[in-house]
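Asks: Mind looking over this structure? Questions follow.
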Amino acid sequence: MQTYKTLHHQFKLNGCSYSKEELKEVAYSLVKEGEAYEQAIGDFLIDWLNDAPSLTVHTSGSTGKPKPISLQKQHMVNSARATGAFFELQPGDTALLCLPASYIAGKMMLVRAMVLGLSLDCVHPSSKPLTETSASYDFVAMVPLQFENSLNELDGVKKLIVGGAPVSYKLKQSFLKAAQRTKVYETYGMTETITHIAVKPLLAELIESNIDLDVFTTLADVSVTTDERGCLVIDAPLVSNETIHTNDMVRLTSEKTFKWLGRLDNVINSGGVKLFPEQIEAKLASIMENRFFVAALPDEVLGQKLVLLVEGVQETAQLRNKIANLTSLKKFEVPKEIFTVEAFVETSSGKIKRKATLNKVAL
């Protein structure tokens with residue numbers, strides 16, 4: 001079995017081949033002389049290339065305070081191999097790192113390259129990463145914002161995975177209209193699972209049908225169940241020694257497939273009706289121009305009332321009319337109030353902090 005102590009002989013970083021000792025020198029140079037994003041790459045390479053069997057990473061902080069997690073390097077190797085097998089990546093394939101190496105998604109692009117023998121280019125993790133390179137790539141990972149800003153520049157990318165946050169219905173429709181040949185996959189995962197453990201392709205027939213047909217399929221050696229709360233339970237022995245209990249509510253379609261409904265933390269109980277914000281947001285996406293999300297505020301009659309928060313300047317009366325004409329929304333899914341917020345509160349990786357943003361209007 002391939003171990004974390006092995007550096008694939010076809011691995012390249014920014015076009016250059018290195019031995020382990022040479023790569024260590026490169027890492028130290030990046031930390032000492034590189035830009036901020038390069039320093040993060042150097043820091044991770046130093047941690048990866050030492051003899052310790054584990055390293056510490058931090059969660060993104062999108063659902064709470066960022067916390068340190070210890071990961072086994074061999075588990076990270078196993079994750080990289082599983083990704084390589086699923087996407088049929090071969091030694092010598094080209095890949096692009098356009099995510100911060102300070103978080104697990106960026107770290108794992110480096111690990112995949114070192115384990116699978118990929119030729120990895122690194123660029124500044126901007127919101128428009130493909131403008132910083134003219135090369136073509138076999139494999140790229142992005143967050144939804146980068147994907148959205150790259151829709152018309154994907155001709156040089158064969159396979160793209162998008163993760164870190166759900167891909168909105170509106171963004172999927174925009175991808176279809178862009179008519180790109182790139183194979184795009186939405187991923188499901190977290191720091192604890194060493195990035196994705198399940199994927200779903202963005203297929204035309206899937207996007208144009210009922211949203212309930214959005215189904216994730218797990219990678220090899222990963223099985224899923226649900227607990228008494230209806231939340232996903234992940235058994236992935238190659239990347240975790242323990243069964244992982246999540247706060248993601250799902251509908252299982254088999255032991256290898258599931259439909260993601262939303263975060264348990266976000267579920268709203270309004271007058272005894274359980275509302276899933278993420279599902280409501282998917283329905284609202286077609287009429288929204290600015291970033292938005294729905295949440296709950298206390299209500300004397302309903303217990304919790306559904307509210308809509310919109311970023312930036314928005315004419316709320318006009319928006320109310322659009323919502324009233326949206327036939328896909330059920331009675332209880334219509335927001336009781338609309339709030340505009342100058343700027344949403346975000347994590348350093350660009351994820352919306354819902355609770356912190358809601359506090360802006362709840363005070």
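Every letter in the sequence shown is one number past the one before it in UniProt numbering, and letter 240, counting from 1, is 240. For every residue, glycine included, the Cβ atom is placed at its ideal position computed from N, Cα and C.
Under three-state DSSP, which class holds S328?
Replies: coil
Asks: Within its chain, find whatever has a CB closer than 6 Å to the CB of S223; leave out the 5 residues flanking it on each side and keep chain order.
Replies: D235, E255
Asks: Taking the alpha carbon of E346 as the point to measure from, which residue in H9, K65, M142 has its own alpha carbon closest?
Replies: K65
Asks: How is A296 classed by DSSP in three states: helix, strand or coil?
Replies: Shown here, A296 sits in a strand according to DSSP, grouped into three states.
Asks: Would you identify the three-state DSSP class for Y169, choosing helix, strand or coil?
Replies: Y169: helix per DSSP, three-state reduction.
Asks: Decide if the stretch 151-160 is in contact with the stretch 108-122; the criterion is three or more beta carbon pairs, one per stretch, under 8 Å apart.
Replies: No, the stretch 151-160 does not touch the stretch 108-122.
Asks: Going by alpha carbons, who is nearest to Y28 out of L13, L45, Y18, G15?
Replies: L45
Asks: Along the chain, where does the beta strand (DSSP E) that runs through N247 open and close?
Replies: 244-252
Asks: Am I right that V341 and L309 are in contact with their C-beta atoms under 8 Å? What's the rounded C-beta distance?
Replies: 6 Å
Asks: Indicate whether P201 and Y188 have their beta-carbon atoms separated by less than 8 Å.
Replies: no
Asks: Please report the distance separating the alpha-carbon of V273 from that of Q74.
Replies: 45 Å
Asks: Is it the case that the stretch 92-103 contacts the stretch 229-248, given that we only count it when at least three CB pairs across the two stretches are under 8 Å?
Replies: No: the two stretches stay apart, fewer than three of their Cβ pairs being nearer than 8 Å.
Asks: Quick one: measure Cβ to Cβ for V167 and Y137, integer angstroms, because I've assumed they're closer than 8 Å.
Replies: Not confirmed; about 20 Å, so no contact.
Asks: Starting from the C-beta of I280, find all residues in its chain whose C-beta is less than 6 Å away, skip the five residues before and the five after it, and write them out in chain order.
Replies: V294, E333
Asks: Bridge partners for Y188 per DSSP, in chain order?
Replies: A198
Asks: Grab me the residues of A343's own chain with a C-beta within less than 6 Å of its C-beta, minus the 5 sequence neighbours each way, in chain order.
Replies: none
Asks: Starting from the Cα of residue 369, find the closest Cα among I287, F258, P237, L297 and give me that residue.
Replies: Residue numbering for the chain in the displayed model covers 1 to 363; residue 369 lies beyond these limits and cannot be assessed.
Asks: Can you tell me whether F87 is helix, strand or coil according to DSSP?
Replies: coil
Asks: Provide the residue(s) that pair with P68 in DSSP beta bridges, ordered along the chain.
Replies: H58
Asks: Which term fits P129, buried or exposed, when burial requires 16 or more other beta carbons within 10 angstroms of its beta carbon?
Replies: buried
Asks: Who pairs with V162 in a beta bridge, going by DSSP?
Replies: For V162, the pairing in a beta bridge is given by DSSP as M142, E186.
Asks: Closest to S328 by CA distance: which of V313, A285, L319 is it?
Replies: A285
Asks: Can you tell me which of the three DSSP states T193 falls into?
Replies: helix
Asks: Quick one: what's F258 bridged to in DSSP?
Replies: F216, L252
Asks: I believe residue 381 touches I194 by the beta-carbon criterion, under 8 Å. Please report the beta-carbon distance rounded to the nearest angstrom.
Replies: What is shown of the chain runs 1 to 363, which leaves residue 381 out entirely.
Asks: Given a threshold of 16 other Cβ atoms within 10 Å of its Cβ, counted over all protein chains shown, does G163 qualify as buried or as exposed?
Replies: With 16 or more other CB atoms across the displayed protein chains lying within 10 angstroms of its CB, G163 is buried.
Asks: Quick one: grab the DSSP three-state call for G350.
Replies: coil
Asks: Looking at the secondary structure, which residues open and close the alpha helix (DSSP H) in which A282 lies?
Replies: Unbroken alpha helix (DSSP H) run through A282: 277-284.
Asks: What separation, rounded to the nearest whole angstrom, lies between the Cα atoms of I104 and V301?
Replies: 43 Å
Asks: Compare the Cα-Cα distances from T83 to each of M288, S134, L110 and report the closest residue.
Replies: L110
Asks: Between E70 and T56, how many whole angstroms is the CB-CB distance? I'm expecting something under 8 Å.
Replies: Here residue 70 turns out to be Ser, not Glu, going by the sequence shown. Their Cβ separation, rounded to whole angstroms, is 6 Å, which keeps S70 and T56 in contact under 8 Å.
Asks: How far does the alpha helix (DSSP H) with K20 in it reach, from first residue to last?
Replies: 20-33
Asks: By DSSP, does I207 sit in helix, in strand, or in coil?
Replies: Confidence at I207 is low in this model, with a pLDDT of 47, below 50, so the placement of that residue should be treated as unreliable; the coordinate-derived value is given next. Of the three classes helix, strand and coil, the one that applies to I207 here is helix, per DSSP.
Asks: So V307 packs on F339, CB below 8 Å; how close in whole Å?
Replies: 6 Å
Asks: Tell me which same chain residues have a C-beta within less than 7 Å of the C-beta of residue 396, skipping the five on either side of it?
Replies: Nothing in the structure corresponds to residue 396, since the chain is present only between 1 and 363.
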